[in-house]
Structure formats: C-alpha cells, structure tokens
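Notes follow once the structure below has been shown.
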Amino acid sequence: MSPAAGRTAGGRTTLVNSIELSDGPGRCLVPSIFVSGRGSTNSYRESGHIDPGGAMSESKRRLSVQSDGDQITDLVLPAGAAVDSLLPDIVALAHPQGPAAGRGWHLSRLAGHPIDGSLSLVQNDIHDGDILQLQQGSVPELGLVRAHTVTMAAGHPLPDQPGPRVGITLVVWAVVIGAAMLMWSTTHGNQPATVAISCGSALVALLAALRTGHPEWVAAAVLLSFTTGFCVVPDGPSAPNVLLGAAATLTTALVLLRNGGHLITIAATTFSVPVVVVAGLASYVSLPLGNVGAAIAAAALVVLSAAPRCAVMLAGLTPDSATVADGDAQRIELAHRVLTGMVIGASAAIALGTGAVAVGAVQRAGVATVVFSWVLAAAVLLRAPSYRLPPRRWCALITGMACTTAALAVTAMALPEQVTWLSVAVIAIILGVNRIGPMSAAAAQRLAYAEYLALAAVPPSALWAADIFSLVRDW
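Okay, here's the thing in structure tokens:
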C-alpha cells in the first residue's frame with residue numbers, strides 16, 4: 004500500500020486520499036479526515052465495511068497522530084482492529100521517511116502512557132479527538148512477546164516495587180489517625196498540648212514536602228495544617244474551628260503549589276475554597292449544621308461544574324494561544340492534572356457537605372432536606388459518565404454513592420413510616436441498573452439532559468433546605 008498524498012500547513016498534515024486499512028477478515032477503505040472538518044468522508048457501508056456494532060460512529064475513531072515534534076496527522080482508523088496491525092500504515096502516513104533500521108515503532112498517549120498494541124482502539128479506551136504520539140523504541144519489530152508488548156514499547160521494565168507504595172499508605176494512614184486523635188483531644192480540655200504537637204508536626208511535614216516533594220509529605224502537610232487550625236480555636240467543635248482549619252489548609256496548599264502543581268495540592272486548594280467561604284459565613288451568622296452542609300455541597304458543585312474551564316485557562320490552552328493547534332504535550336498534561344485535582348477536591352467537599360446535611364437531619368429533617376439530598380445525589384451521579392479518565396469517573400461515582408447513602412438516611416429520618424417502601428425501591432433500582440447494557444449515543448444524550456435538569460434544580464432546592472424562602476417571606 005502506498006501512502007496517501009497529502010499537504011502540510013503549519014506543522015499539521017491533512018491527508019486528502021483514502022487509506023486502505025484492515026479491520027476484520029477483509030480489507031476496506033477507511034477515509035482520512037480534514038482539518039477543521041473540511042471535506043467529506045466516505046461511508047463504511049459504501050466501502051464494504053462490516054459494522055459489528057450496528058453504529059458507524061462506534062466502528063471508527065477520528066484521531067490525531069503526532070510525530071517529529073509538532074508534526075500532526077489526522078486519521079480515521081478502524082476501532083476494532085489491533086493497534087499492531089495498524090502501525091505499518093500509520094507509520095507510512097504520519098512518518099513517510101520510514102522507520103530507522105533496527106528500531107521499532109509504538110503509539111502512546113500524550114501523558115506518556117503506552118498503548119497495548121495487541122488490543123484494539125476500543126479496548127485501549129481511545130475516543131474520537133484523542134491525540135496519540137508515534138515514537139520509536141529500541142526494541143525489535145519481530146518476535147515480540149505479547150504479554151510484554153507495552154513494557155518493551157515503553158522502553159523500561161514494569162515497576163515492581165510495592166515497598167514505596169506500602170510506605171506511602173502507612174504514612175498517610177498514621178497522619179489521618181493522629182490528626183483525628185488531636186482534634187478529639189482538643190475538644191476534651193487538652194488544648195495547649197494538642198496545639199503545640201499539631202503545629203510542630205505540620206511545620207515538619209511542610210518542610211519535608213518543600214524539600215522532597217514526595218506525595219506522602221504533601222498529604223501530611225495538608226492534613227496537619229487543617230488539624231492545627233482546628234485545634235487553635237477553643238470551645239469547639241464549631242464553625243470557627245472549621246474556618247481556621249480550612250484557611251490553614253488553603254494557605255499550605257498555595258505555598259506547596261509554588262513548589263510544583265502536585266495533584267494533592269490542587270485537590271486541597273479546591274476543597275478548601277468552598278469550605279472557607281461557607282464556614283466564614285456560618286461564623287458570622289449562626290446557622291444550623293444542615294444549612295451549612297447544604298451551602299458547602301452547593302458551592303462545591305459549582306466548582307465541579309467550572310473545573311474543565313478552569314483547567315483549560317490555568318494550563319494556557321486558550322483560543323489566543325498559538326500552541327493549542329500544535330498539541331503542546333506539557334500544557335495538555337497540566338490541564339489533565341489540574342482537572343483531576345479539581346474533581347477530587349470538589350468531590351470531597353460535596354461529600355463533606357452532604358454528610359453535614361445528614362448529621363443535621365438528626366435534629367431537623369423535613370421534605371426540603373429530602374428533596375435537596377436526592378437532587379444533589381442525582382446531579383453528581385449523572386456527572387460521572389462524562390469523565391473519560393477513570394480516577395475522575397470513580398471519584399464522582401464514589402461521591403455520588405456517598406450522597407445517595409446520605410439521602411437514604413435523611414429520607415428514613417424524615418419519613419420513618421416509609422422506610423419499608425424505600426428499601427424495596429432501593430433493591431429494585433439496584434436490580435434494574437445491573438441489567439442495563441451498553442448505552443447508545445441517544446441514551447447518553449438523554450442522560451446529559453437529565454444532568455442539566457438536576458443541576459438546575461440544585462439552587463432552588465438548596466435555598467429551600469436552608470429555609471431561605473421562609474426568611475424572605477417573614478422579612
């Protein structure tokens with residue numbers, strides 16, 4: 004097969020002829036795409052392609068392949084074919100100079116993660132619009148062991164060092180337990196000692212984090228800063244304790260951000276902002292715990308919705324930036340890291356808020372609290388499918404499950420006579436969800452509309468749960 008003719012403009016190659024690639028038993032014509040959507044693409048069915056999924060959009064992927072720095076080639080590839088079988092044609096089109104002798108080619112993501120050549124694009128979780136890197140590696144092109152394709156293509160052995168991970172887990176676990184014990188101790192009359200211990204521990208952890216940058220020390224510095232701020236305020240726990248703790252966490256995270264945009268510091272900053280705002284308001288005006296929790300959850304949901312735009316702006320991927328079209332790998336990786344950190348931090352704040360709502364419902368639970376809890380749970384759960392990266396998706400799912408658990412608890416406290424029917428409904432929903440198969444594009448679009456409705460219902464339900472309407476009416 005000869006490479007398709009093309010033209011180059013500004014470092015991006017636009018292919019103008021169809022390329023012949025294999026997907027399944029036969030050969031088929033897979034058309035390439037044009038930059039900015041110019042030109043037309045032939046149908047798979049017209050070229051004899053067998054669409055196993057019944058939907059043409061699911062049988063191909065529109066991708067951009069980056070090679071030689073800023074050289075980017077737009078391609079349309081079969082989604083069900085193994086990546087290894089597509090590599091020769093991809094190399095011929097994206098790198099027409101040909102491979103160097105004795106060197107093999109492999110595809111990887113912009114973040115550096117290699118792609119398993121024995122799997123298809125679908126199995127590698129590659130979607131339309133993704134940018135892949137075509138790289139050379141010092142591995143033989145023949146005789147590759149299937150089980151180690153990714154390792155050999157990446158050029159380094161698989162990491163097999165569980166020791167550091169175990170150490171990090173133990174350090175974080177010890178810090179969490181110690182922080183909880185210090186906060187419990189300061190509420191039982193031993194404040195001077197707990198303040199001195201927490202302040203000294205936070206200072207040591209901060210210095211270690213600034214010097215080494217290790218994630219365990221970053222997490223320890225953030226947690227111990229909150230503990231120090233919480234313990235300084237006497238006669239707790241109350242809103243001023245949470246306010247000073249969140250303010251100390253925010254300050255520490257901002258200091259550590261100067262040392263590098265670590266995922267933990269981004270998450271801590273995102274978590275602290277809505278907590279500081281709401282706790283400051285609660286310190287000035289006496290508010291019930293349920294109202295404070297509803298305000299924190301609503302503010303954190305706003306941050307979660309604004310996270311993608313904030314990540315793009317902070318990474319410099321604005322329309323005015325000339326490097327966007329070139330696919331700057333560092334900025335794209337920074338945007339992904341910022342977005343992941345913001346999702347983690349906002350999700351943690353939402354979980355904190357919904358937990359406060361559930362605890363506050365012990366003293367005062369009504370229909371407004373029940374409605375807000377379920378609307379919040381629906382908004383978070385419907386947001387989860389929109390995230391492609393597993394850490395973000397799982398973070399949203401776990402937070403949604405926490406919100407659902409809190410909503411069930413609030414409903415049981417507000418409507419105790421309906422607990423039996425509530426349990427039956429939960430079992431029926433779980434059985435129904437387990438029978439749901441892969442969603443079509445139309446079903447995914449309906450879920451997106453449902454998410455918009457849930458987001459639109461959050462502000463009025465939060466105001467209702469906080470009893471703002473009654474205050475305005477009586478004023």
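Read the sequence shown against my numbering and you will find it ends at 478, with the numbers running on by one and no gaps. Just so you know, even glycine gets a beta-carbon here, dropped at the ideal spot from N, CA and C.
Spatial distance of residue i from residue j (CA atoms)
i: D77; j: V68; result: 6 Å
i: T254; j: G369; result: 37 Å
i: W424; j: V413; result: 15 Å
i: W397; j: S389; result: 11 Å
i: S426; j: A415; result: 10 Å
i: V234; j: V175; result: Checking the sequence, you will find Cys at residue 234 rather than Val. Looking at the two C-alpha atoms, the distance is approximately 20 Å.
i: G403; j: L379; result: 8 Å
i: L466; j: Q194; result: 37 Å
i: V365; j: E336; result: 44 Å
i: G139; j: A469; result: Correcting the residue identity first, residue 139 is Gln in this sequence and not Gly. Their Cα atoms are separated by approximately 59 Å.
i: G363; j: D131; result: 45 Å
i: A309; j: V341; result: 12 Å
i: I267; j: E420; result: 44 Å
i: F375; j: L292; result: 15 Å
i: A97; j: L246; result: 55 Å
i: A183; j: T197; result: 11 Å
i: L458; j: L122; result: 38 Å
i: S350; j: A95; result: 45 Å
i: V429; j: P240; result: 35 Å
i: G216; j: S62; result: 44 Å
i: S286; j: F229; result: 17 Å
i: A417; j: F274; result: 29 Å
i: R438; j: L226; result: 41 Å
i: G181; j: A332; result: 40 Å
i: V346; j: A314; result: 10 Å
i: A205; j: H339; result: 29 Å
As assigned by DSSP and simplified to three states, the class of residue i
i: L466; result: helix
i: Q448; result: helix
i: Q74; result: strand
i: T190; result: coil
i: A271; result: helix
i: N262; result: coil
i: G319; result: coil
i: D92; result: helix
i: P441; result: coil
i: H130; result: coil
i: G42; result: With a pLDDT of only 33 at G42, under 50, the local geometry of the prediction cannot be trusted, and no value is derived from it.
i: V306; result: helix
i: Q333; result: helix
According to DSSP, residues forming a beta bridge with residue i
i: R64; result: L80
i: P117; result: S111
i: Q139; result: W108
i: A85; result: S123
i: Q69; result: I75, Q136
Checklist entry - Can at least three beta-carbon pairs, one atom from the segment 354 to 362 and one from the segment 438 to 447, be found at a separation below 8 Å? => result no
Checklist entry - Can you list the alpha helix (DSSP H) stretches of 4 or more residues lying completely in the segment 369 to 407, in chain order? => result 370 to 386
Next on the checklist: Below 8 Å, how does it come out for the segment 278 to 286 and the segment 255 to 269: are there three or more Cβ pairs, yes or no?
Outcome noted: no
Item to check | Ordered list of alpha helix (DSSP H) runs contained in the segment 176 to 222, each at least 4 residues | outcome: Complete alpha helix (DSSP H) runs here, min 4: 194 to 215.
Item to check | Given 8 Å, three or more beta-carbon pairs between the segment 117 to 132 and the segment 78 to 95 | outcome: yes
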